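Reviewing the structure listed below.
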Amino acid sequence: GMEDGIFPHSRTLGEKDEVEEERRLAYVGLTRARKHLYISRAEYRSTWGAPNYNPPSRFLDEIPEDVIQWRNESSATVSPSLLKRPRVATAPPPRATGKKSTAIELNVGERVSHDTFGLGTVVAVAGEGDKAEATIKFGQYGEKRLLLRYAPVEKL
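Here our numbering is used: the first residue of the sequence shown is 3, the next is one more, and so on.
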């Protein structure tokens, strides 16, 4: 949703360059709509089993008022029973399907997005095909060496 901490992501909020990159991504995404674009946000979101208030994304303030129509169709509320529910530890669903995936092809200098580490820049590439690896610098997470056929990365 379009909430601070989600978009822009909480990992980027302390780094001006990273927020600017997410602003650029938002602009590209918002300007691709041909006729209509529906944007949503959650006022409250469950995080680690606890409800948290989410302020609107700072990017929403940058959309010109003459091109946007605001609707508040909030009929959902936080159920008191959800607030009292005990936390139960569960294992995350398995990610690997046993199928080999095709390795993404990356070049030094390209920007990528990783499911866990966020935005990063490719600093080295080695190997080919299923053995291709990339070293990617992810801001506060530092450099990570990833086997590309399994890495959840996407080119930007």
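In this text, a Cβ means the ideal position worked out from N, Cα and C, and glycines have one as well. Please read these numbers as outputs of a predicted model, since none were measured by experiment.
By DSSP, does Thr-28 sit in helix, in strand, or in coil? Reading the sequence as shown, one finds Ala at residue 28 and not Thr. The answer is helix: DSSP assigns Ala-28 an H, G or I state.
Between the C-alpha atoms of Asn-74 and Phe-9, what's the straight-line distance to the nearest angstrom? C-alpha separation (whole angstroms): 19 angstroms.
Assuming Leu-158 contacts Gly-141 under a Cβ cut-off of 8 angstroms, what Cβ separation, rounded to an integer in Å, is found between them? Not quite, the Cβ-Cβ distance comes to about 14 angstroms (not below 8 angstroms), so this is no contact.
Whether or not the region 129–148 and the region 105–114 are in contact is what I'm after, with contact meaning three or more pairs of Cβ atoms, one per stretch, closer than 8 angstroms; do they touch? Segments in contact, yes.
Looking only at DSSP bridge pairs, what is Glu-64 linked to? In the DSSP output, where bridge partners are listed per residue, Glu-64 has none listed.
Within this structure, are the beta carbons of Glu-112 and Val-124 separated by less than 8 angstroms? yes
Between which residues of its own chain and Met-4 is the CB-CB distance below 6 angstroms, once the five residues before and five after are set aside? Ile-41, Arg-43, Ser-59, Leu-62
Spatial neighbours of Tyr-55 within its chain, please: CB distance less than 8 angstroms, with the 5 preceding and 5 following residues excluded, ordered by chain position. Once the five neighbours on either side are set aside, the close Cβ partners of Tyr-55 are Glu-45, Tyr-46.
What's the gap between the Cα of Ala-28 and the Cα of Asp-132? 32 angstroms
Distance check for Tyr-143 and Leu-150, CA to CA, integer angstroms please. 18 angstroms
Starting from the Cα of Leu-39, find the closest Cα among Trp-50, Val-69, Val-21 and give me that residue. Of the candidates Trp-50, Val-69, Val-21, the one whose C-alpha sits nearest the C-alpha of Leu-39 is Val-69.
Would you list the residues sitting across from His-38 in a DSSP beta bridge? Note: His-38 sits in no beta bridge, so no partner.
If the criterion is Cβ atoms closer than 8 angstroms, does the pair His-161 and Pro-66 meet it? There is simply no residue 161 to check, as the chain begins at 3 and stops at 158 in what is shown.
Just curious, the beta strand (DSSP E) that Asn-54 is in, first and last residue? Where Asn-54 is concerned, the enclosing beta strand (DSSP E) stretches over 52–55.
Where does Thr-49 sit, in a helix, a strand or coil, going by DSSP? Residue state, collapsed to three classes: strand.
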